[in-house]
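There are 2 protein chains.
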Amino acid sequence: MRIVQKFGGTSVGSIERIQETAKIVCMEIERGSEVAVVVSAMSGETNRLLALANAMSDNPTPREVDAMVATGEQVTAALLSIELNKLGVRAYSFSGAQAGFKTEGNHSKARISGVNGDHLIKHMQNGDVPVVTGFQGVDAAGNVTTLGRGGSDTSAVALAIAVHADCCDIYTDVDGIYTTDPRIEPKARKLSHISYEEMLEFASLGAKVLQTRSVELGMRYNMPIHLRSSFKLIEGTRVSREDSDMERAEISGVAYNRDEAKVTIKGIPDHPGIAAAVFGPVASADINVDVIVQNISVEGFTDLTFTVPRNDYKPTLEVLNKLCKEMNAREVNGDDTVAKVSIIGVGMRSHSGVAKKMFEVLAKENINIQMITTSEIKVTVVIEEKYVELAVRSLHEAFGLETA
Amino acid sequence: MRIVQKFGGTSVGSIERIQETAKIVCMEIERGSEVAVVVSAMSGETNRLLALANAMSDNPTPREVDAMVATGEQVTAALLSIELNKLGVRAYSFSGAQAGFKTEGNHSKARISGVNGDHLIKHMQNGDVPVVTGFQGVDAAGNVTTLGRGGSDTSAVALAIAVHADCCDIYTDVDGIYTTDPRIEPKARKLSHISYEEMLEFASLGAKVLQTRSVELGMRYNMPIHLRSSFKLIEGTRVSREDSDMERAEISGVAYNRDEAKVTIKGIPDHPGIAAAVFGPVASADINVDVIVQNISVEGFTDLTFTVPRNDYKPTLEVLNKLCKEMNAREVNGDDTVAKVSIIGVGMRSHSGVAKKMFEVLAKENINIQMITTSEIKVTVVIEEKYVELAVRSLHEAFGLETA
């Protein structure tokens, strides 16, 4: 087996944690695996470096911020290598540049365009352990670039692909993906397997355990990802291509997100282009729109409702109030106490069956559904925030999620 | 003019100091110069990183220590570049690897084997300011290496040579080289010019303002070095090849070093190879021997006296006591309250005249000379430490050093 292991900031946050992490690497080697490691900066270090840059200038040069911030992972990679050598493992730290991570795009949010894994493969075949800095690379001109927050997950999956690893193990402070949030539903069950598509849905909702880009990359190259805890060495959740032969439940889990607000612009004179007229200015204000519902036009007027992150509620109302006058719409109103609840599952063969059951369960609990949206593997409803726990527990039970 | 400016740890030790340093760079640009900058780590940063490595292991892997420590200068280079960009200068930070510093030899004490300055020259001709990390490079295999403490001076001179600079300005916390230590002789005068050879003698004695290797490199490639203060923007001391047409004083200065101890091994049976037999074990104990005097052999026995750094006094006595028995020598004794005083000057056409005058001056003050050694440009005596101030002041006056 050839494994790429990724350890985040809390797993390398202190001398003691680095020592624990080194033990995990050694255990994998003792199992006979060839191992490469990807590390983040020690927790807090990236913020310390950013604070220095911001102390220097209100608008620090992006190229130089990247050059500074990239040193955080370089220190961790060297420290872990020192510890591994102490334990008798031939480990070598590599910066993004040394490891062959090529990037394109802007500083602080570069994208990996390729990884030359050849020399790392040689190291691994020789029994050496490359310890590679996550989150960084170099662009075509040789400038140091960073991938943006959370980019280390993506680095790890990209490296796993480049060295033809059998799996990319992402060690973190949770031990996997659950059928729902165990803080709300104690009967929540850890999923042993999940598809990339489901993981993407979970990631875009509450479960912020894997960076979306890393999952997309794994999906594109079919690289299995094992999401697991660096505190408890037990099986976590394996993310892989859906096995069509696999007997599997229709539904994987119930996700929710409280960080929602809903706005409505009412009585818009209906003519082609009104959606563009509304969402253009909203996008220009850097506001991410999520669920959108446009009512059927009545007597030449229509309503448009959509959700935004709760932090963007006030700026969104400001944009819409301005638009309301310009477009001769009737009024704008909103509600920042709503939440999203979603049923996720690639096994969901027909939405209608799942959706019907979902609506029945919520109706039985007297929970009013404000908005509905569906995708291939998800049904989402917007409800009053105060009903979130009740909705999650009822749906978890109704879909039989406490048993595999 | 094309100038390489080097700023040490105290010149970049805080946000405020980096801002002052950026102003100095801007002044040089306003004078019409093309400028490249070499920086050290912020004062204290190298020690912080070494402490982390030593917390991890009693014997941290040298390759990884270098990788960690090298990040210190990378942060400074980025911070100074941010500040320069804020002031409207197009500055770009470069790590040792990016700047093209190739090294050979061991980690933590690598030597610069070459610098490819071509792309930095293009930047400078374009009006950009490269800000390069001192103290580091990469070896032939692409591993990050450091040059050892003080190596940033050497980086700066090597870069000046590689980009064909007219001068290498070393900014530090002293404003130049003086005819002697102004704390002992208030009439000490700053030297406006000094030869590489004299600078080497001053550097190997008290004046630890320039790393010896940087002076040797400047001498080999005839690169002028301007040693000056980053606190007072006045002319410092220019180190360059001796101009034979220049009317100059015989003597440049009086240097001294209190950090000395003297040991003697007496009554050694004299036969070929005794020097090797003594200095072999001393060198093996990593003790640097300086002034050596071997007495003329009397009736088949001889005495050997030499000086060592005062810290090495006890270890040296241990080595010699062991040797004394093995060689059937008579006895070992020593004195750790001695000091060296030197007269330095490339203008010193004949030693005998200078030495004669020096001995007369010391005799007049009743200072006993214990050992004497001479080089082409230096006469050194070993005396009792308590006479250092008196000797320095008397010689400074006798050789007329207070007036140019």
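First to last, the protein sequences are chains A and B.
Per the numbering used here, the first sequence starts with residue -10, numbered consecutively.
Per the numbering used here, the second sequence starts with residue -10, numbered consecutively.
We treat Cβ as the ideally placed atom computed from N, Cα and C, and that holds for glycine.
I'd like the span of the beta strand (DSSP E) that includes residue i, first residue to last.
i: A:Asn74; result: Note, A:Asn74: premise wrong, no beta strand (DSSP E); alpha helix (DSSP H) at Pro51 to Lys75.
i: B:Asn322; result: Glu320 to Ile333
i: B:Val368; result: Lys367 to Glu373
i: A:Lys(-5); result: Arg(-9) to Phe(-4)
i: A:Glu23; result: Glu23 to Val28
i: A:Arg227; result: Thr226 to Ser229
i: A:Thr134; result: Val133 to Thr135
i: B:Thr161; result: Cys156 to Thr161
Considering residue i, what are the terminal residues of the alpha helix (DSSP H) in which it resides?
i: A:Pro261; result: Per DSSP, A:Pro261 belongs to no alpha helix (DSSP H) and is neither H nor E.
i: B:Gln87; result: Gly85 to Ala88
i: A:Asp142; result: Gly140 to Ala151
i: A:Tyr302; result: Tyr302 to Met316
i: B:Thr168; result: Looking at the DSSP string, B:Thr168 is not in any alpha helix (DSSP H), and its letter there is neither H nor E.
Would you say residue i and residue j are within 8 Å of each other, going by their C-beta atoms?
i: B:Phe290; j: B:Ile281; result: no
i: A:Gly106; j: A:Lys91; result: no
i: A:Tyr160; j: A:Leu180; result: no
i: A:Gln359; j: A:Val330; result: no
i: B:Tyr81; j: B:Val120; result: yes
i: A:Glu391; j: A:Arg178; result: yes
i: B:Ala145; j: B:Val271; result: no
i: B:Asp128; j: B:Thr134; result: yes
i: A:Met212; j: A:Ala266; result: no
i: B:Val252; j: B:Gly139; result: no
i: A:Asp170; j: A:Arg217; result: no
i: B:Arg79; j: B:Val118; result: yes
i: B:Glu187; j: B:Gly334; result: yes
i: B:Gln63; j: A:Thr60; result: yes
What number of angstroms, rounded off, separates the C-alpha of residue i from the C-alpha of residue j?
i: B:Arg(-9); j: B:Cys156; result: 7 Å
i: A:Ser229; j: A:Asp158; result: 12 Å
i: A:Asp234; j: A:Asn284; result: Only weak support exists for where A:Asp234 lies, its pLDDT of 46 falling under 50; the value from the coordinates is given anyway. One C-alpha to the other measures close to 41 Å.
i: B:Glu190; j: B:Val204; result: 10 Å
i: B:Ala30; j: B:Leu136; result: 13 Å
i: A:Phe348; j: A:Ile332; result: 11 Å
i: B:Ala40; j: B:Lys98; result: 18 Å
i: B:Pro49; j: B:Ala56; result: 12 Å
i: B:Tyr376; j: B:Ile110; result: 52 Å
i: A:Val397; j: A:Ile18; result: Nothing can be reported for residue 397 of chain A, as the shown portion of chain A is limited to -10 through 393.
i: A:Leu379; j: A:Ile263; result: 37 Å
i: A:Glu23; j: A:Lys(-5); result: 14 Å
i: A:Asp279; j: A:Gly342; result: 24 Å
i: B:Phe83; j: A:His153; result: 33 Å
i: A:Gly336; j: A:Glu174; result: 22 Å
i: A:Val297; j: A:Glu307; result: 13 Å
i: B:Leu68; j: B:Thr122; result: 11 Å
i: B:Ala387; j: B:Asp248; result: 25 Å
Which of helix, strand or coil does DSSP assign to residue i?
i: A:Met360; result: strand
i: B:Asp107; result: helix
i: B:Gly207; result: helix
i: A:Asn246; result: strand
i: A:Glu236; result: The predicted position of A:Glu236 is uncertain, since its pLDDT is 49 and thus under 50; a value taken from the coordinates is nonetheless stated next. Coil.
i: A:Ser0; result: helix
i: A:Asp292; result: strand
i: B:Leu216; result: strand
i: A:Val343; result: helix
i: B:Thr10; result: helix
i: B:Gly269; result: helix
i: A:Thr114; result: Residue 114 of chain A is actually Gln in this sequence, not Thr. Note: A:Gln114 maps to helix in three-state DSSP.
i: B:Val381; result: helix
i: A:Ile18; result: helix
i: B:Thr253; result: strand
Evaluate residue i with the Cβ neighbour count: other Cβ atoms within 10 Å of its Cβ, from every protein chain shown; 16 or more gives buried, anything less gives exposed.
i: B:Lys367; result: buried
i: B:Leu222; result: exposed
i: B:Glu5; result: exposed
i: B:Tyr245; result: buried
i: A:Glu236; result: Below a pLDDT of 50, predicted positions are generally treated as unreliable, and A:Glu236, at 49, falls in that range; the measurement from the model is reported next regardless. Counting Cβ neighbours within 10 Å, A:Glu236 comes out exposed, since fewer than 16 surround it.
i: B:Arg209; result: exposed
i: B:Asn357; result: exposed
i: B:Asn310; result: exposed
i: A:Val287; result: exposed
i: A:Ala149; result: buried
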